[in-house]
Amino acid sequence: MLKAVLFDMDGVIVDTEPLHRKAYYQMFNDFNIVVDDTLYESFTGQSTINICKRLVDHFNLKDAPEALVNIKRQHFKYLFENDSSLVLIDGVLERIKDYHANGLKLVVASSASMPNIERIFNRFDLNKYFMGKFSGADLEKSKPHPEIFIKAAAHTEYNKSECMVIEDSTNGIKAAHAAGIFCAGFKSEHSTGQDYTLANVVVSNFVQLAYTEANHFFKH
5 MLKAVLFDMD
15 GVIVDTEPLH
25 RKAYYQMFND
35 FNIVVDDTLY
45 ESFTGQSTIN
55 ICKRLVDHFN
65 LKDAPEALVN
75 IKRQHFKYLF
85 ENDSSLVLID
95 GVLERIKDYH
105 ANGLKLVVAS
115 SASMPNIERI
125 FNRFDLNKYF
135 MGKFSGADLE
145 KSKPHPEIFI
155 KAAAHTEYNK
165 SECMVIEDST
175 NGIKAAHAAG
185 IFCAGFKSEH
195 STGQDYTLAN
205 VVVSNFVQLA
215 YTEANHFFKH
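Quick note: the sequence shown uses my numbering, first residue 5, plus one each step.
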């Protein structure tokens with residue numbers, strides 16, 4: 005029986021991707037690098053520091069990856085506070101309330117930094133529904149490594165077989181699969197170029213993951 009849900013954040017709870025994209029491209033301009041769509045899409049689900057390490061290697065930059073991270077975060081913080089286009093994903097709040105009302109333990113397990121997770125949770129008043137938050141930026145390995153989901157599942161004190169992950173990215177789905185946790189792949193218009201083959205079930209909206217529906221998937 006389903007007892008806990010581990011949520012990815014970006015692309016699942018909130019669509020910060022357009023803001024991250026603006027912030028990244030502003031940073032690319034600052035460092036005079038040209039990143040094509042294919043390279044950019046390959047970053048999905050990875051932590052900012054790992055992305056910036058890849059950029060430094062790829063473009064042979066003399067700057068430290070941390071310097072790129074800092075500039076990108078400055079741009080993102082400004083956009084977060086000033087860009088009105090940031091909203092929750094359609095239907096997710098209803099689902100969070102549904103799970104919470106049915107006694108499920110909810111944990112967020114995101115590659116975002118903890119300050120960004122806290123910003124989102126405070127802005128949209130989500131803290132009261134979740135019993136834990138995990139940031140990939142605080143861990144040794146980022147998705148597709150399973151560490152974040154193994155830790156998040158352990159935090160619920162339930163067996164991994166009683167947990168479900170909701171993910172929208174190739175790297176996140178791989179991480180859930182490697183952790184041995186049932187994964188619902190959330191395929192929305194925000195998640196382009198991602199691979200859902202390792203997900204146990206693929207949905208395109210949160211109505212399909214209502215508590216009763218989710219339990220039905222889970223048993224099968």
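The beta-carbon is built from N, C-alpha and C at its ideal position, and this holds for glycine as well.
Beta bridge pairing from DSSP links residue 56 with no other residue.
When DSSP states are grouped into helix, strand and coil, residue 173 belongs to the coil group.
Per DSSP, the continuous beta strand (DSSP E) segment holding residue 110 begins and ends at 109-114. For the alpha helix (DSSP H) assignment, the uninterrupted runs of no fewer than 4 residues enclosed by the segment 29-112 are, from N- to C-terminal side, 41-45, 52-62, 69-86 and 96-105. The three-state secondary structure of residue 7, taken from DSSP, is coil. Residue pairing from DSSP leaves residue 27 without any beta-bridge partner. The beta carbon of residue 207 sits closer than 8 Å to those of 188, 189, 190, 191 and 213, all from its chain and outside the five residues before and after it, given in chain order.
Minimum Cα-Cα distance from residue 164 among the listed residues 152, 14, 174 and 131 corresponds to 152. The three-state secondary structure of residue 211, taken from DSSP, is helix. Judged by beta-carbon spacing, residue 176 lies within the 8 Å limit of residue 12, meaning their Cβ atoms are closer than that value. For the segment 137-200, the continuous alpha helix (DSSP H) assignments of 4+ residues that do not extend past its boundaries occur at 151-160 and 174-183, in sequence order. By DSSP's assignment, residue 206 forms a beta bridge with 189. The residue from 96, 204 and 29 with its alpha-carbon nearest to that of residue 169 is 204. Taking 8 Å as the cut-off, the beta carbon of residue 9 is found no closer than this to the beta carbon of residue 124. Between the alpha carbons of residue 222 and residue 5 lies a gap of roughly 7 Å.
Apart from sequence neighbours up to five positions away, the residues of its chain that approach residue 80 with a beta-carbon distance below 7 Å are 23, 24 and 27, ordered along the chain. Excluding sequence positions up to five before and after residue 215, its CB lies within less than 7 Å of the CB of 102, 103 and 106, all in the same chain and listed in chain order.
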